[in-house]
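For the record, the sequence lines run as chains A, B and C.
Counting from 1, position 32 in the first sequence corresponds to residue 31 in numbering that gives the first Met the number 0; the numbering is continuous, with no gaps.
Counting from 1, position 249 in the second sequence corresponds to residue 248 in numbering that gives the first Met the number 0; the numbering is continuous, with no gaps.
Counting from 1, position 185 in the third sequence corresponds to residue 184 in numbering that gives the first Met the number 0; the numbering is continuous, with no gaps.
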Amino acid sequence: MASSTSPTTEPGPRDGAADDLRAAIDSLDPAALGVEFHAIIQELYPICRSITGEGLRASLRILQRIAPLELHEVPTGTPVFDWVVPREWNHRSARLIGPSGEVVADSSRLNLHVLNYSVPFRGTVRLEELQEHLHSLPEQPTLVPYRTSYYREAWGFCLSDAQRNRLVPGDYQVNIDTTLADGSLTYGELLIPGLQDDEVLVSTHCCHPSLANDNCAGMAMCAALARLVSRTKPRYSYRFLFVPGTIGAITWLALNEVRARRIAHGLVAACVGDRGRLTYKRSRRGDTEIDRAVVHVLRSSGQEHEVRDFTPYGYDERQYGSPGFDLAVGSLTRTPFGEYPEYHTSADDPSLVVPEKLVDTFRRYVEVFEALEGNYTYVNQAPKCEPQLGKRGLYGAVGGKSHAQASQMAMLWVLNLSDGHHSLLDIAERAKLPFADVRRAARALEAAGLLLKSAG
Amino acid sequence: MASSTSPTTEPGPRDGAADDLRAAIDSLDPAALGVEFHAIIQELYPICRSITGEGLRASLRILQRIAPLELHEVPTGTPVFDWVVPREWNHRSARLIGPSGEVVADSSRLNLHVLNYSVPFRGTVRLEELQEHLHSLPEQPTLVPYRTSYYREAWGFCLSDAQRNRLVPGDYQVNIDTTLADGSLTYGELLIPGLQDDEVLVSTHCCHPSLANDNCAGMAMCAALARLVSRTKPRYSYRFLFVPGTIGAITWLALNEVRARRIAHGLVAACVGDRGRLTYKRSRRGDTEIDRAVVHVLRSSGQEHEVRDFTPYGYDERQYGSPGFDLAVGSLTRTPFGEYPEYHTSADDPSLVVPEKLVDTFRRYVEVFEALEGNYTYVNQAPKCEPQLGKRGLYGAVGGKSHAQASQMAMLWVLNLSDGHHSLLDIAERAKLPFADVRRAARALEAAGLLLKSAG
Amino acid sequence: MASSTSPTTEPGPRDGAADDLRAAIDSLDPAALGVEFHAIIQELYPICRSITGEGLRASLRILQRIAPLELHEVPTGTPVFDWVVPREWNHRSARLIGPSGEVVADSSRLNLHVLNYSVPFRGTVRLEELQEHLHSLPEQPTLVPYRTSYYREAWGFCLSDAQRNRLVPGDYQVNIDTTLADGSLTYGELLIPGLQDDEVLVSTHCCHPSLANDNCAGMAMCAALARLVSRTKPRYSYRFLFVPGTIGAITWLALNEVRARRIAHGLVAACVGDRGRLTYKRSRRGDTEIDRAVVHVLRSSGQEHEVRDFTPYGYDERQYGSPGFDLAVGSLTRTPFGEYPEYHTSADDPSLVVPEKLVDTFRRYVEVFEALEGNYTYVNQAPKCEPQLGKRGLYGAVGGKSHAQASQMAMLWVLNLSDGHHSLLDIAERAKLPFADVRRAARALEAAGLLLKSAG
């Protein structure tokens, strides 16, 4: 390959972090990362999180050991668009004792037992009255459901339907030791400045208590992504948000309305560790660069996967994709929310998270960042007919063979489509070649003086 | 649901007839309507109609008992674009007597026996000469065909091929007692004024003699549609045309060229009662609102159906879709013209019309009107993030469940897409929800002050 | 059909060559043309062609007997974009003699045996050294490959892998009597002037030695196409180029850069005679008129065929489709280059070319020219409703039948879509009718005064 000392053709750090991200992918140790992820999930899992409170703070502090998140506190009562930051909920214990003194439910054994945001209550109630405060799943009788009551004051317990059916008439002692008081909503944030002010957003929800795939896995993965990106000098600025679902995203958007306009590309991470196939839910606009980058990465993966259109239901892509923002934010998950039987039940425990699958999801996120970082548009400097690659050492010398090598095909595609109107991602899609191969070809041609980056 | 006294959020009569049409659909008595349709068809069937004449007038007068059509007479010789209104044809009797005095064909038994627009003729002809005046169907030897000779003076009889083959040599007495003389072309019209001058056109042909599905059924159905719409206060003005095929539509367009420009949406109704599936033939432009409304209604019906592109052959969509008009007029039929074996033969008798199918077609027309009437574009008044539906009583209070109810999904879709660029029909299509559900959600959100109709 | 003496409605020679080309197709004698093609291929096949030299000149002179090509000589050293016209190669003989005096390879028996562009060499080499100069195909052990070394000085032989494996150790006598010296690159060109300056380009490569399908067949077919077009008075100007692959196309484009901008439509012809199905590779833009014309012709052929998107690999469409030119040039072949097992081997001999298939390819090229020549846009002069075709003798008199004849359907389509925005090819595509039928209908309507050619 020809070498050159011209500053315009020398690949340098201004190219973004694509090279570093590719190197990280190529040197990834899946087993070691899987072990690390599993340990973090085990640590996060038992904590009783909610959309506010000490459980949320404690979880974010664990993530701070992985990446330097900043914790923000937004006071109760702060208006955030059509909503108001709620009172802070804290939970010490919640027990339900049966007529014979037996423990029916105890949040210290499984924090799903307490209705999340339950108001404090201490007293004795008869079974008939108690029933109005119980939640169970008749169709999954052995599982404890996860239920919340953020915006209607209520107390309650969740338990398996099998257990509920065994409850005998009589007096039950309720002792729910929680507080609901003015305080603040907490979220974690890390901004990694890049060469450009445009941002890549990665947002994940942190409000669920003992649910491993939804979303201890997402919290761990996003922290590891933040750690990786912070070790590069990226082209884009990267913003990682660890927020309570719905109200957290709304709060961030309300307090950062101007900054939100800088988000050029974004992903909502959730349900990233189960054994299901990767599933991409497009952004509201559906054909943005993030949509095309993710679809390209999934196609190139050679794995079974699914791509779906946007719907206004799901996780925080609902807020980022509301019509007043309409940000280019999709959601890359494994099995989508609500579609695996363990979803929002006691069966979403750490055993549901498959380390290799979680590492695979991590890898695809990094490949998406690689595509965004490296997705430049070049202009062919010898656009009339093909340039003679052979004299530059870029082409085989003996002719007559019928198939060009993959690297030569990538060069021919890059040369042919680098007319200022096609980015490398456009070229990779049209050529049906992996982005990394196309980018490698472009860098070789750039080094040979045959390509220049488009100013546009 | 929140109530409101603000005039801007109160759903009122200015919303068009969608509510009334939905109520009519929901309270439809299919059996009763089927009986009514069958009686009308039985009454229309024996009349010897043509593109002019007393049979046509008599038929329109029957329809006037259902809806207040106005009858128009256009004199023979009136130039209508490239055509001229022809002389008026009237038929008293037509008999063909064989060599032994037997009746070979008698229009009083079946009016298809006389070549439609046959000139009068009385005389004796030998079999060889007679053959040039006979029409039969060798491939359907037991059926009598329907044939016309509007623009070339001729006399003739139609009979079954089986009968024709049994004709013996000899002299045949022909007695065709018809008149072809200056008079007028008759058509029926009903304009139901709406809130807007833009019109919905429904056009059906009335020129065929004893053919039940083509088009006694269409005449009956369109009259019933006119009756229903005239009992509402529609948004659009509705124009129902009962015209002789081709020349009638051309005549109306020539005499109403300026008014025709007001036709915003239209359908040609024909072959609406056979047992075949519903078939929609798109307008010439193919992607107009009427096309999308009909396709949406058919998809939401859950029934097998077919959608076809426009072709310049068929019924009067040919004229409405000529390049000088290019109106948004499609055609909603059951089995399309020419595609059922009984088409234009004596087998298209009242038994071919299945009352339930005719009522089903009627219902789909009403649903199309409902979609047109209710297809407003709204603007979300709280577009930044989702509004808090719960505090307005529009959302379930206990969270954590995985699937929103259909009504909640409809509200989320309407909020998300009501950016001023998506009508309710757009939203129904994208959400894959029935139009009525989407409209109901929009009305609830409008009542809660979260939506305003777009001025555009 | 109505006749007319008005100059605006009389079809005349200004209509291009579509009528003549259709007549040529209809009167084609496939057997006779097949015999002619076979004779030319037999004559071209044994000549040792390359990208320069006497073999190329001799081949073009043979084609001059069919069509009056002009031969151009471009001197060695002429800069052509990023390339330079190479030295001229000429070959007299090349023999390889084994240790026992046996002839291992002799280019007089098969000119593929000599590495094309081999430098001269005379000497004795041991087997081990010889191996570095041998080319064979381990996966096709009985076939001799075609190999070139245009831009790296080398000598060598090509032979079957079976023979190579039988070579015994010892001394081999090499006698390659070639010259590589300043001279010129030769190409053939025929410009047939048309009514317009815009050009139709047909380009075929002439550099391959004894390969029959690739491309003696293409050379013969293009010469016959040039002969046919030169006997008409076409609307477009036609430029036939017979060039050495890659460097020849680059040379022509470099020396004719301004003229190249006149190329409105073009095809690269190669591999046109094998028994495979027709395959069209779209132009770089993919949706140009040539793309649509070829796809229409292939669809109307009723034969199995394939349409592919452009790729920047293949024959000279690579150069015509480089981003600095981006010409509307596709490639119509039978089995594409590299996809039949005989490709670039000794098995691509005259027996691989099937005369009927080559004639079929010829016919499709002519049909493409017919479509280009006749693809006018008309304006309906009676656009409001349908004109009365019957009074002009253009329509059957007895009505009521369900299916219009094909010719009537073509007239209805042409009338309906001739709004100044649809060319006849657009209409043929939408109507799914053969172009010739649509054009015939348009000419009849034009003669009746119902259509005028659009000025645009």
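C-beta: ideal position from N, C-alpha, C; glycine also.
query: For A/G373 and A/N460, the rounded distance between their alpha carbons; result: This structure cannot settle anything about residue 460 of chain A, because the visible part of chain A is limited to 0 through 455.
query: B/E256 burial status per 10 Å Cβ neighbour count (16 or more: buried); result: exposed
query: Inter-residue spacing [alpha-carbon to alpha-carbon] between A/L68 and A/S282; result: 26 Å
query: Cβ-based burial, C/D18 [other Cβ within 10 Å; buried from 16]; result: buried
query: Assigned exposure category for A/D436 - 16 Cβ within 10 Å defines buried; result: buried
query: Residue environment, B/N164, which counts as buried when at least 16 other CB atoms sit within 10 Å; result: exposed
query: B/C206 vs B/S49 beta-carbon contact at 8 Å; result: yes
query: DSSP-derived helix/strand/coil call for B/S2; result: Note on B/S2: pLDDT 37, under 50, position unreliable in the model; the coordinate value appears next. DSSP places B/S2 in coil when its eight states are reduced to three.
query: Given B/L126 as reference, the closest of B/V103, B/L411, B/V167, B/R91 once Cα atoms are compared; result: B/V167
query: Spatial neighbours of C/W251 in its chain, beta-carbon cut-off 7 Å, leaving aside the 5 residues before and after; result: Y186, L240, V242
query: 9 Å Cβ cut-off: residues of chain C touching A/D418; result: P322, G323, D325
query: Under 9 Å from the C-beta of A/T317: neighbouring residues of chain B; result: Checking the displayed sequence, the identity of residue 317 of chain A turns out to be Arg instead of Thr. Chain B residues near A/R317: C384, E385, L411, N415.
query: C-alpha distance - A/V378 paired with A/L70, whole-angstrom precision; result: 44 Å
query: Range covered by the alpha helix (DSSP H) that runs through A/S299; result: 288–299
query: Beta-bridge partners of B/P78, as assigned by DSSP; result: B/V83
query: Under 7 Å (Cβ pairs) to chain B, residues found in the region 252–264 of chain A; result: L252
query: Terminal residues of the beta strand (DSSP E) in which B/S202 lies; result: 198–204
query: Any chain C beta carbon closer than 8 Å to B/F156; result: no
query: Residue interval of the beta strand (DSSP E) (run including B/K452); result: 450–452
query: Any chain C beta carbon closer than 8 Å to B/Y375; result: no
query: Any chain C beta carbon closer than 8 Å to B/D81; result: yes
query: Within 8 Å, strictly: CB atoms of C/D273 and C/V353; result: yes
query: Residue burial classification, A/A22 (beta-carbon count within 10 angstroms, cutoff 16); result: exposed
query: Beta carbon of C/L114 nearer than 8 Å to that of C/W154; result: yes
query: Minimum Cβ-Cβ distance from B/K452 to chain A less than 8 Å; result: no
query: Start-to-end residues for the alpha helix (DSSP H) that takes in A/Y58; result: A small correction: the amino acid at residue 58 of chain A is Ser; Tyr does not occupy that position in the sequence shown. Its alpha helix (DSSP H) spans residues 53–63.
query: Neighbour list for A/I249 in chain B, Cβ cutoff strictly below 8 Å; result: C384, E385
query: Closest by C-alpha distance to C/F361, when choosing among C/L449, C/S350, C/S321, C/A225; result: C/A225
query: Beta-bridge pairing of C/E188 - partner residues as DSSP gives them; result: C/E69, C/L240
query: Cβ-based burial, B/E198 [other Cβ within 10 Å; buried from 16]; result: buried
query: Beta-carbon proximity of B/A268 to B/T203, cut-off 8 Å; result: yes
query: Residue closest to B/I24, alpha-carbon to alpha-carbon, out of B/R363, B/N174, B/R438; result: B/R363
query: CB contact check: C/A447 to chain B, cutoff 8 Å; result: no
query: Residue environment, C/P287, which counts as buried when at least 16 other CB atoms sit within 10 Å; result: The amino acid occupying residue 287 of chain C in the given sequence is Thr; Pro does not appear at that position. With 16 or more Cβ atoms within 10 Å of its Cβ, C/T287 is classed as buried.
query: Cβ of C/Y171 within 8 Å of any chain A Cβ; result: no
query: Where B/R260 falls, given that 16 or more other Cβ within 10 Å makes a residue buried; result: exposed
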